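S.K.: Counting in my numbering, the sequence shown runs from 111 upward without gaps. In this text, a Cβ means the ideal position worked out from N, Cα and C, and glycines have one as well. No experiment lies behind these values; they were computed from the predicted model shown.
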Amino acid sequence: IQWQMSTDNGVTYNDIADGLDATGLTFSGVDTTTLGVTGVSIANNGVKFLCVLNFYLPSNPATLTVKNPVAITTQPVDQTVCVTGGTATFLAAATGDDLTYQWQVNSGSGWSNLANNATYSGATTASLLLTSPAASLNNNQYQVIVSGTAPCSPVTSSAATLTITNVTVAATSASICIGGATTLNAT
111 IQWQMSTDNG
121 VTYNDIADGL
131 DATGLTFSGV
141 DTTTLGVTGV
151 SIANNGVKFL
161 CVLNFYLPSN
171 PATLTVKNPV
181 AITTQPVDQT
191 VCVTGGTATF
201 LAAATGDDLT
211 YQWQVNSGSG
221 WSNLANNATY
231 SGATTASLLL
241 TSPAASLNNN
251 QYQVIVSGTA
261 PCSPVTSSAA
271 TLTITNVTVA
281 ATSASICIGG
291 ATTLNAT
């Protein structure tokens, strides 16, 4: 058995040896049925391999597909919003290939996936919008799970907290005579 590699899309194949080669890859088991490959970078995407038996019987080509790992570059931050008519936006940014997003909420009993509804929109995007959140959502935590193309593992953001403030404004009325002065107060 001898493993071979092609860096020109299968036009030519060359025998490989155990150890580091010119492409930056390190090989082990080049004369066994299991080839070990380490040191893989995005530059190695598309490299093809053959296993040749008895110096003349090649296998079908195996293509190395390299994906960028998922990394969160912007974490969501805490938001404060008024209970009546307020909006809050939790935002995350990530790098990787073919990213998908799933926002989750923890209201004190563990994390659960969110779905779009009257309060939540963008549950499967990088930006979760809360519209007119109820006071009962106060102190809920939000995080996003970002997934990329397999075999890259998903990554979970840090948690951000929603604070709902229940502020009401009331003004006092006054009756005065023409030409008089008064003071109006709001609390």
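For Cys287, count the other beta carbons within 10 Å of its own beta carbon; 16 or more makes it buried, fewer makes it exposed. Which is it?
M.R.: Locating residue 287 in the sequence shown gives position 177, where the first residue counts as 1. When all chains shown are included, Cys287 counts as exposed.
S.K.: When the Cα atoms are used, what is the spatial distance from Ser263 to Asn295?
M.R.: By 1-based counting over the sequence shown, the position of residue 263 is 153. By 1-based counting over the sequence shown, the position of residue 295 is 185. Roughly 58 Å between the two C-alpha positions.
S.K.: Can the beta-carbon of Val147 be found closer than 8 Å to that of Leu130?
M.R.: Reading the sequence shown from its first residue, position 37 is the one you call residue 147. Reading the sequence shown from its first residue, position 20 is the one you call residue 130. Cβ distance not < 8 Å, so Val147 and Leu130 don't count as in contact.
S.K.: If you follow the beta strand (DSSP E) that Gly146 is part of, which residue opens it and which one closes it?
M.R.: Taking the first residue of the sequence shown as position 1, residue 146 is located at position 36. Where Gly146 is concerned, the enclosing beta strand (DSSP E) stretches over Gly146 to Thr148.
S.K.: Tell me, to the nearest whole angstrom, how far the beta carbon of Gly258 is from that of Asp208; I am working on the premise that it is less than 8 Å.
M.R.: As a first step, residue 258 is located in the sequence shown; it is residue number 148 there, counting from the start. As a first step, residue 208 is located in the sequence shown; it is residue number 98 there, counting from the start. At roughly 6 Å, the Cβ-Cβ gap stays under 8 Å, so Gly258 and Asp208 are in contact.
S.K.: Check this for me: beta carbons of Phe165 and Gln114, under 8 Å apart or not?
M.R.: By one-based count along the sequence shown, residue 165 stands at place 55. By one-based count along the sequence shown, residue 114 stands at place 4. Taking 8 Å as the Cβ cut-off, Phe165 and Gln114 do not qualify as a contacting pair.
S.K.: Using a Cβ-Cβ cutoff of less than 7 Å, which residues in the same chain neighbour Tyr230 once the five nearest sequence positions on both sides are dropped?
M.R.: Walking along the sequence shown from the start, residue 230 turns up at place 120. Around Tyr230: Leu224, Leu238 and Leu240.
S.K.: Using 8 Å as the threshold, is the C-beta distance between Gly206 and Pro186 below it?
M.R.: Position 96 of the sequence shown holds residue 206. Position 76 of the sequence shown holds residue 186. Against a cut-off of 8 Å, the Cβ pair of Pro186 and Gly206 comes out as no contact.
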